[in-house]
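Contents: one structure, followed by commentary.
Residue numbers (my numbering): 47 to 414.
Below, the structure is given as structure tokens:
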């Protein structure tokens with residue numbers, strides 16, 4: 047299933063990037079970069095979610111290995127972030143790829159405008175075959191209440207945001223077991239999970255590394271987020287060189303199977319999970335175009351109603367008030383009112399900026 051994936055999110059934990067001596071594992075990073083380059087040559091889109099900033103920032107601040115308060119973690123992240131992304135720039139640059147640094151907080155996955163801005167940025171970056179988005183939690187500004195707390199869940203939210211069809215969580219263990227195989231010789235390996243039941247959740251243990259913060263419990267939580275968004279998820283051992291090649295060659299792993307595609311999951315969420323904030327009335331030509339699988343252009347809109355913002359859900363109706371669909375709108379009510387009936391090429395001249403050529407993209411729309 048990994049070989050068939052088109053948009054892949056790869057999560058790399060602190061313990062994989064940093065060795066026991068607190069030095070970067072440059073040979074391992076180089077092998078991962080080589081694997082990523084091979085995926086890019088296969089026209090696959092790759093996003094990396096990385097840990098390591100706090101761990102790399104401990105030494106400059108003299109923190110050693112002791113537990114850190116939130117403010118100390120934020121300070122360590124500020125120091126370590128530069129080193130971390132320098133590592134990614136060096137290793138990806140060696141295979142002719144360029145990293146694009148993105149820092150996110152949990153609030154960015156909740157606030158609709160920030161969510162859409164981040165999603166649009168990711169889509170734009172992934173259009174470039176030489177660029178790899180590299181994402182980390184913005185520990186420097188995140189408060190205790192607005193932190194993911196681990197990059198497993200961050201990776202799952204990124205997979206959801208990006209509409210990825212595969213999430214790979216590399217760990218120091220090769221998959222899910224009925225118990226911790228490091229302490230229980232009777233633990234049984236589970237190769238495939240089709241439903242995250244109470245029994246599956248009960249198998250999760252605590253954090254296993256002195257460097258990282260995520261354990262199997264966070265990986266199960268990530269699997270629930272990812273599969274609900276239509277994204278398959280893999281837990282695999284990442285400690286050896288070329289971990290992606292090993293996975294593609296059939297290396298041992300646990301696969302969590304999503305029941306639908308990312309696009310289908312997104313459309314179900316739009317249809318049933320969002321309360322509409324307004325109405326967009328379209329002409330007959332636009333209604334026909336929408337039924338034919340097209341996006342909604344400003345030129346086909348006759349009127350807008352309600353108080354909505356960028357990214358809000360709106361109903362789509364004909365001029366005779368017949369409901370034909372629901373979608374996420376790309377402009378606020380005030381801006382939409384100024385560009386309806388106009389050509390897409392006129393948007394920037396009218397508003398002074400242009401987000402998209404369409405009012406509602408077909409992937410952000412559900413028809414009746």
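Cβ atoms here follow ideal geometry from the backbone N, Cα and C, with glycine treated the same way.
What you are looking at is a predicted structure, and each value in this text was computed from that prediction instead of being measured.
Quick one: what's got a C-beta closer than 8 Å to residue i's C-beta in the same chain, skipping five residues either side?
{"i": "residue 348", "result": "327, 328, 329, 365, 386, 387"}
{"i": "residue 140", "result": "76, 79"}
{"i": "residue 160", "result": "153, 154"}
{"i": "residue 337", "result": "370, 413"}
{"i": "residue 331", "result": "346"}
Quick check on residue i: buried or exposed, where buried means 16 or more other Cβ atoms within 10 Å of its Cβ?
{"i": "residue 82", "result": "buried"}
{"i": "residue 369", "result": "exposed"}
{"i": "residue 278", "result": "buried"}
{"i": "residue 261", "result": "buried"}
{"i": "residue 198", "result": "buried"}
{"i": "residue 232", "result": "exposed"}
{"i": "residue 206", "result": "buried"}
{"i": "residue 182", "result": "buried"}
{"i": "residue 66", "result": "exposed"}
{"i": "residue 394", "result": "exposed"}
Can you tell me which of the options puts its alpha carbon nearest to the alpha carbon of residue i?
{"i": "residue 219", "options": "228, 212, 138, 308", "result": "228"}
{"i": "residue 130", "options": "160, 58, 200, 174", "result": "58"}
{"i": "residue 174", "options": "397, 335, 86, 66", "result": "86"}
{"i": "residue 320", "options": "390, 73, 410", "result": "410"}
{"i": "residue 308", "options": "99, 53, 294", "result": "53"}
{"i": "residue 377", "options": "353, 336, 70, 340", "result": "353"}
{"i": "residue 401", "options": "375, 412, 414, 413", "result": "375"}
{"i": "residue 63", "options": "242, 379, 101, 47", "result": "101"}
{"i": "residue 408", "options": "384, 397, 373, 396", "result": "373"}
Tell me which residues share the same chain as residue i and place their Cβ nearer than 6 Å to its Cβ, disregarding the 5 neighbours each side in the sequence.
{"i": "residue 177", "result": "144, 146, 171"}
{"i": "residue 50", "result": "none"}
{"i": "residue 167", "result": "none"}
Which residues does DSSP pair with residue i in a beta bridge?
{"i": "residue 144", "result": "177"}
{"i": "residue 363", "result": "327, 369"}
Are the beta-carbon atoms of residue i and residue j separated by less than 9 Å?
{"i": "residue 382", "j": "residue 350", "result": "yes"}
{"i": "residue 127", "j": "residue 149", "result": "yes"}
{"i": "residue 132", "j": "residue 97", "result": "no"}
{"i": "residue 324", "j": "residue 356", "result": "no"}
{"i": "residue 221", "j": "residue 281", "result": "yes"}
{"i": "residue 265", "j": "residue 275", "result": "no"}
{"i": "residue 292", "j": "residue 286", "result": "yes"}
{"i": "residue 342", "j": "residue 405", "result": "yes"}
Under 7 Å Cβ to Cβ from residue i, same chain only, skipping five residues before and after it: list those, please.
{"i": "residue 201", "result": "55, 57, 95, 213, 215, 268"}
{"i": "residue 70", "result": "63, 64, 133"}
Would the C-beta of residue i count as close to the ligand COA, meaning under 8 Å from any of its heavy atoms?
{"i": "residue 121", "result": "For the structure depicted, the ligand COA is absent and the ligand set is empty, with no information on it obtainable."}
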